[in-house]
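Protein chains: 2
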Amino acid sequence: MSDPPGEFQLIAAIRERIERAGAPESVPGLILGSGDDAAVSVHEGASAITVDALVEGIHFQMPPFEPRNVGHKALATALSDLAAMGAGGSEAYVQLGVREGITEEQLLELADGLGALAATHGLAIAGGDVTRAPSLLLAVTAVGQAATPDALVRRSGARAGDVLAVTGELGGAAAGLMLLERPELGAALDEPVAAGLRRRQLEPAPRLAAGAALATAGATAMIDLSDGLGGDAGHLAAASSAAIRIQGDRLPVQAGVGAVAEAAGADAFELVTGGGEDYELLATLPPDRLEEAAAAVAATGSDLTVIGSVDSGAGVELSGPGGESRPVGGFDQLRRRPAPPDRS
Amino acid sequence: MSDPPGEFQLIAAIRERIERAGAPESVPGLILGSGDDAAVSVHEGASAITVDALVEGIHFQMPPFEPRNVGHKALATALSDLAAMGAGGSEAYVQLGVREGITEEQLLELADGLGALAATHGLAIAGGDVTRAPSLLLAVTAVGQAATPDALVRRSGARAGDVLAVTGELGGAAAGLMLLERPELGAALDEPVAAGLRRRQLEPAPRLAAGAALATAGATAMIDLSDGLGGDAGHLAAASSAAIRIQGDRLPVQAGVGAVAEAAGADAFELVTGGGEDYELLATLPPDRLEEAAAAVAATGSDLTVIGSVDSGAGVELSGPGGESRPVGGFDQLRRRPAPPDRS
Numbered sequence: 059m060s061d062p063p064g065e066f067q068l069i070a071a072i073r074e075r076i077e078r079a080g081a082p083e084s085v086p087g088l089i090l091g092s093g094d095d096a097a098v099s100v101h102e103g104a105s106a107i108t109v110d111a112l113v114e115g116i117h118f119q120m121p122p123f124e125p126r127n128v129g130h131k132a133l134a135t136a137l138s139d140l141a142a143m144g145a146g147g148s149e150a151y152v153q154l155g156v157r158e159g160i161t162e163e164q165l166l167e168l169a170d171g172l173g174a175l176a177a178t179h180g181l182a183i184a185g186g187d188v189t190r191a192p193s194l195l196l197a198v199t200a201v202g203q204a205a206t207p208d209a210l211v212r213r214s215g216a217r218a219g220d221v222l223a224v225t226g227e228l229g230g231a232a233a234g235l236m237l238l239e240r241p242e243l244g245a246a247l248d249e250p251v252a253a254g255l256r257r258r259q260l261e262p263a264p265r266l267a268a269g270a271a272l273a274t275a276g277a278t279a280m281i282d283l284s285d286g287l288g289g290d291a292g293h294l295a296a297a298s299s300a301a302i303r304i305q306g307d308r309l310p311v312q313a314g315v316g317a318v319a320e321a322a323g324a325d326a327f328e329l330v331t332g333g334g335e336d337y338e339l340l341a342t343l344p345p346d347r348l349e350e351a352a353a354a355v356a357a358t359g360s361d362l363t364v365i366g367s368v369d370s371g372a373g374v375e376l377s378g379p380g381g382e383s384r385p386v387g388g389f390d391q392l393r394r395r396p397a398p399p400d401r402s
Numbered sequence: 059m060s061d062p063p064g065e066f067q068l069i070a071a072i073r074e075r076i077e078r079a080g081a082p083e084s085v086p087g088l089i090l091g092s093g094d095d096a097a098v099s100v101h102e103g104a105s106a107i108t109v110d111a112l113v114e115g116i117h118f119q120m121p122p123f124e125p126r127n128v129g130h131k132a133l134a135t136a137l138s139d140l141a142a143m144g145a146g147g148s149e150a151y152v153q154l155g156v157r158e159g160i161t162e163e164q165l166l167e168l169a170d171g172l173g174a175l176a177a178t179h180g181l182a183i184a185g186g187d188v189t190r191a192p193s194l195l196l197a198v199t200a201v202g203q204a205a206t207p208d209a210l211v212r213r214s215g216a217r218a219g220d221v222l223a224v225t226g227e228l229g230g231a232a233a234g235l236m237l238l239e240r241p242e243l244g245a246a247l248d249e250p251v252a253a254g255l256r257r258r259q260l261e262p263a264p265r266l267a268a269g270a271a272l273a274t275a276g277a278t279a280m281i282d283l284s285d286g287l288g289g290d291a292g293h294l295a296a297a298s299s300a301a302i303r304i305q306g307d308r309l310p311v312q313a314g315v316g317a318v319a320e321a322a323g324a325d326a327f328e329l330v331t332g333g334g335e336d337y338e339l340l341a342t343l344p345p346d347r348l349e350e351a352a353a354a355v356a357a358t359g360s361d362l363t364v365i366g367s368v369d370s371g372a373g374v375e376l377s378g379p380g381g382e383s384r385p386v387g388g389f390d391q392l393r394r395r396p397a398p399p400d401r402s
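First to last, the sequence lines map onto chains A and B.
Numbering-wise (this note's numbering), the first sequence opens with residue 59 and increments by one.
Numbering-wise (this note's numbering), the second sequence opens with residue 59 and increments by one.
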């Protein structure tokens with residue numbers, strides 16, 4: 059196997075590709091970007107900071123993932139956390155781990171995916187580090203901004219009487235993964251529908267604009283759907299010391315999810331409520347702000363669907379499509395399988 | 059093999075151990091710490107941000123590393139980057155990757171090491187994420203503060219006529235690693251000397267106080283010695299568009315390095331100039347600020363030694379202990395072996 063490129067030559071090539079993909083070299087407040095011991099920024103107002111990672115063999119396999127999907131999705135998962143605060147993204151810092159057998163061209167394609175998503179959201183890749191690792195991995199630190207700390211929406215503000223709403227559609231990421239692993243499951247689907255499912259798994263769109271709109275429209279609590287609706291609703295309920303009731307018959311389901319589940323002999327409702335990785339936003343709102351919030355989210359090109367309510371108490375109560383009570387699971391990053399139903 | 063602990067239970071246990079080790083739960087400017095989608099901070103002045111990672115099998119093996127060494131060193135390497143800017147550390151964000159076979163107790167010991175170093179520097183662990191991974195890994199994002207962007211020292215400010223100085227002593231991390239791998243090399247050493255070498259490899263001390271002192275005392279450029287004196291001097295020379303001349307007979311060498319090198323049949327000068335991981339600071343200063351800088355560094359409990367000068371031109375010129383010219387190498391994180399001599 060030929061030598062990997064040298065560290066400093068590779069970093070320079072990656073930086074060039076990120077900029078060629080359209081990512082801004084700088085953003086307001088960023089004084090010094092990558093290339094020194096640390097980046098330097100000056101931000102008025104409040105900053106939101108989050109870290110997230112994608113690890114080959116755990117979160118993705120190549121194939122079906124292409125390197126550019128990996129770059130996109132690693133940044134998207136971190137930006138989704140900022141979206142759930144209602145923060146605008148400003149900078150990201152990237153720790154890249156490179157295993158043997160990964161070519162320089164693959165790393166540059168990964169940079170293309172990262173850079174293209176950064177360009178979409180006007181985000182600078184302000185720093186990073188490269189090391190060898192036993193598998194390809196990308197740990198992303200994303201930094202976002204808001205005018206004041208109070209403008210950022212926490213998980214803990216849901217109050218009894220609030221409505222529970224979700225952006226976009228659910229179940230697509232889980233169905234997309236099944237389709238990528240077993241393409242024959244898509245035999246009955248129109249190609250644009252199948253492509254939509256695959257894209258949701260490979261290159262999810264962080265809902266930054268919708269998150270900011272919801273924050274402005276009075277969202278009392280918010281979380282992004284990474285581990286699955288049931289599990290993430292449980293986090294929100296626990297942080298807010300409130301009960302969350304989800305009406306399964308109101309959940310917005312991405313086109314094709316039912317057909318893929320049927321072809322696989324799987325339960326579509328499980329994919330929608332426990333599949334995770336859809337990276338939509340789950341928010342709670344005072345009922346009198348709902349109309350304003352729905353309009354604001356619609357203006358970002360997404361939809362807002364009321365799927366339940368907040369009550370006093372604790373835990374998550376999920377009714378199935380026929381109104382029957384259903385157990386609530388989530389996704390455990392360490393066990394890498396559904397977590398046991400929430401006992402809280 | 060028994061199940062790993064669940065993700066959320068583990069995160070709670072790690073947070074508890076970090077705080078029990080004395081790390082502050084919050085710091086000035088930190089509005090919201092870990093437990094939500096993102097941390098929230100408000101910092102007046104300038105922030106410095108850096109990312110760094112330690113990967114098992116690449117940067118360390120267990121043994122000789124104990125889990126608490128891993129937690130300490132991962133944070134230390136990131137803080138060392140802040141030290142090289144002259145920034146004070148305020149928060150760190152931790153991405154932890156856990157492989158099979160690592161026990162919960164080992165992860166909590168890792169948290170002890172991380173928390174103890176955070177406590178030493180009054181740093182809050184403000185966020186983090188845990189995932190499975192094929193080897194134990196810790197990626198740390200460190201955030202530091204300064205009054206203004208101009209108070210932070212870049213690599214690019216070295217000017218012809220400046221003196222070149224280094225904090226502390228060199229060569230200890232490389233000799234310490236040899237000693238950990240082959241304890242018999244330390245047969246001729248007093249135990250405190252051997253322990254000092256091992257500690258330099260296992261738990262290096264980031265020079266935050268010395269870095270801040272050098273920034274205040276007029277350092278024109280600064281870099282931390284992670285890849286080795288030769289390579290890091292090369293980065294500083296390139297960023298400053300200047301030539302760096304290093305007098306090998308003036309280098310401060312940690313006690314025991316010569317004896318370990320001799321026992322191993324290795325070249326002590328190579329360990330001192332190319333070994334890397336000492337995490338001391340290399341700084342350039344106007345000659346008329348040297349006395350002030352030396353006093354300021356001494357007040358932090360470290361030493362400052364003049365080891366060369368800055369000249370017009372490019373690249374690094376290194377003279378050996380006898381005054382002869384020596385090739386300059388560095389350390390390449392991807393090749394994980396000495397980089398070829400700098401041709402610039």
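From the three backbone atoms N, C-alpha and C, an ideal C-beta is built for every residue, glycine too.
To the nearest angstrom, report how far apart residue i and residue j are at their CA atoms.
i, j, result
"L235 (chain A)", "G229 (chain A)", "10 Å"
"E74 (chain B)", "S299 (chain B)", "48 Å"
"G381 (chain A)", "A184 (chain A)", "49 Å"
"G115 (chain B)", "S193 (chain B)", "8 Å"
"E239 (chain B)", "A322 (chain B)", "11 Å"
"F118 (chain B)", "Q259 (chain B)", "10 Å"
"E335 (chain A)", "G378 (chain B)", "57 Å"
"E158 (chain A)", "Y151 (chain A)", "23 Å"
"L283 (chain B)", "E102 (chain A)", "33 Å"
"R217 (chain A)", "R78 (chain A)", "46 Å"
"V100 (chain A)", "I89 (chain A)", "7 Å"
"Q203 (chain B)", "G87 (chain B)", "10 Å"
"A263 (chain A)", "G226 (chain A)", "10 Å"
Less than 8 Å between CB atoms is the rule here; does residue i satisfy it with respect to chain B?
i, result
"M120 (chain A)", "no"
"S337 (chain A)", "Checking the displayed sequence, the identity of residue 337 (chain A) turns out to be Tyr instead of Ser. For Y337 (chain A), the answer is no, since every Cβ of chain B falls outside 8 Å of its Cβ."
"D110 (chain A)", "yes"
"I107 (chain A)", "yes"
"Q153 (chain A)", "yes"
"G359 (chain A)", "no"
Which word fits residue i, buried or exposed, when buried means at least 16 other C-beta atoms lie within 10 angstroms of its C-beta?
i, result
"T206 (chain B)", "exposed"
"S60 (chain A)", "Low confidence applies to S60 (chain A): its pLDDT is 41, below 50, so where it sits in the model is not reliable, and the reading given next is rough at best. Exposed: under 16 other Cβ atoms inside 10 Å."
"A295 (chain B)", "buried"
"S367 (chain A)", "buried"
Are the C-beta atoms of residue i and some chain A residue less than 8 Å apart?
i, result
"T342 (chain B)", "no"
"I72 (chain B)", "no"
"E140 (chain B)", "The sequence as given places Leu at residue 140 (chain B); Glu does not occur at that position. Closer than 8 Å: yes."
"S99 (chain B)", "yes"
"L272 (chain B)", "no"
"M236 (chain B)", "no"
"P264 (chain B)", "no"
List the residues that DSSP assigns as beta-bridge partners of residue i.
i, result
"D248 (chain B)", "DSSP output for D248 (chain B) lists no bridge partner at all."
"V98 (chain A)", "A:L90, B:A106"
"M120 (chain A)", "Per DSSP, none; premise fails for M120 (chain A)."
"G371 (chain A)", "None, per the DSSP bridge assignment."
"Q153 (chain A)", "A:D187, A:A197"
"I281 (chain B)", "B:L340"
Please name the residue, chosen from the options, that lies closest to residue i on a Cα-to-Cα basis.
i, options, result
"G147 (chain A)", "A:E167, A:S193, A:A81", "A:A81"
"S138 (chain A)", "A:A253, A:A267, A:G115, A:H117", "A:A267"
"G276 (chain A)", "A:P310, A:A326, A:A354", "A:A354"
"D220 (chain B)", "B:I69, B:L348, B:L172, B:G173", "B:L348"
"L112 (chain A)", "A:G289, A:E382, A:D361, A:A134", "A:A134"
"L175 (chain A)", "A:K131, A:S214, A:V156", "A:K131"
"I302 (chain B)", "B:G186, B:G292, B:G159", "B:G292"
"D369 (chain B)", "B:G378, B:A324, B:T342", "B:T342"
"A177 (chain A)", "A:L272, A:G129, A:A232", "A:G129"
"G316 (chain A)", "A:A104, A:L255, A:V152, A:E338", "A:L255"
"G289 (chain A)", "A:V374, A:A351, A:S360", "A:V374"
"A182 (chain A)", "A:S92, A:Q164, A:P345", "A:S92"
"A233 (chain B)", "B:G314, B:A70, B:Q203, B:N127", "B:G314"
Measuring only from the beta carbon, is residue i closer than 7 Å to any heavy atom that is part of the ligand PLP?
i, result
"G269 (chain A)", "In the structure on display, the ligand PLP does not appear, and there are no ligands present to speak of."
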